[in-house]
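**Q** Plus 14 on top of the position in the sequence shown (first one is 1) and you've got our numbering.
Positions of the beta carbon are idealized from the N, C-alpha and C atoms, including for glycine.
The structure follows.
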Amino acid sequence: MILRFHDVTSGRICLDGTDIRELPQKKLRDAVSYVPQKAWLFSGTIEENLRYGNPNASEAELRTALDTAQAGFVYDLPDGLASHTAQGGTNFSGGQKQRLAIARSLCVNPEILLLDEPCSALDMKNTIAIEETLMELKGQYTFVIVTHNLGQAKRIADQIIFMDQGKILEVTDKETFFDSPATELAREQIQYM
């Protein structure tokens, strides 16, 4: 909904106080970058994948994005940025693909970074690495993270929007949500943490 793949049917979503339906699509898409639940890399090179959203990114910008996303493993590959990526990125681990997808999103220089279940397919080591990356980036970007992992939300969120069946049930700061949730459903979910 933030990228307007679907428009809001009730209420509104604003970017800097302006309803996103009033923004030109290009302006909105330049401001928001999306990392899907299943990181997808295209057949080609790492450099081509990183430039997908910003073909004019300089090599310095690519390297900054890789460093910021903790994807320095690229420098250890025999061909570095020219290393081949198989369709879907099957020649990389889940954690590597996720970090490359985050780096690709950062190359766009977005104001907002949307992450859909960024660690759902990762082991705990890679989950912690991604979370640490996000924590380091907090001052530079606004993050909207969709997750069913309440432990992850507790570790990295500032604000919680708790939803069920497409309806917002609670909007509050993290401490309030985890210390004294307002809804029975939230209390039920938290008890299993």
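1. Quick one, which of Ser107, Ser194, Met149, Glu62 has its alpha-carbon nearest asparagine 140's?
2. What number of angstroms, rounded off, separates the C-alpha of serine 24 from the C-alpha of leucine 183?
3. Quick check on DSSP: helix, strand or coil for tyrosine 206?
4. Should leucine 127 and serine 194 be called a contact, given that it needs their Cβ atoms to be closer than 8 Å?
5. Taking C-alpha atoms, which residue in Arg113, Leu91, Asp90 lies nearest to alanine 79?
6. When every heavy atom of the ligand ADP is checked, does at least one fall within less than 7 Å of the C-beta of lysine 188?
7. Quick check: threonine 186 and isoleucine 174, are their CB atoms within less than 8 Å of each other?
8. From what residue to what residue does the alpha helix (DSSP H) around isoleucine 27 run?
9. Indicate the three-state DSSP secondary structure (helix, strand or coil) for leucine 148 in the structure shown.
10. Could you work out which residue in Phe176, Thr190, Met207 is closest to leucine 199 when comparing CA atoms only?
11. Taking a contact to mean a Cβ-Cβ separation below 8 Å, would you say tyrosine 66 touches arginine 118 in this structure?
12. Are there 16 or more other CB atoms within 10 angstroms of the CB of glutamine 166, so buried, or fewer, so exposed?
13. Please classify isoleucine 34 as buried or exposed, where buried requires at least 16 other C-beta atoms within 10 Å of its C-beta.
**A** For this structure:
1. Ser107
2. 14 Å
3. coil
4. For leucine 127 and serine 194, no; Cβs fall outside 8 Å.
5. Arg113
6. You won't find the ligand ADP in this model; it holds no ligand whatsoever.
7. yes
8. Neither: isoleucine 27 is in no alpha helix (DSSP H) and is coded neither H nor E.
9. helix
10. Phe176
11. yes
12. buried
13. buried
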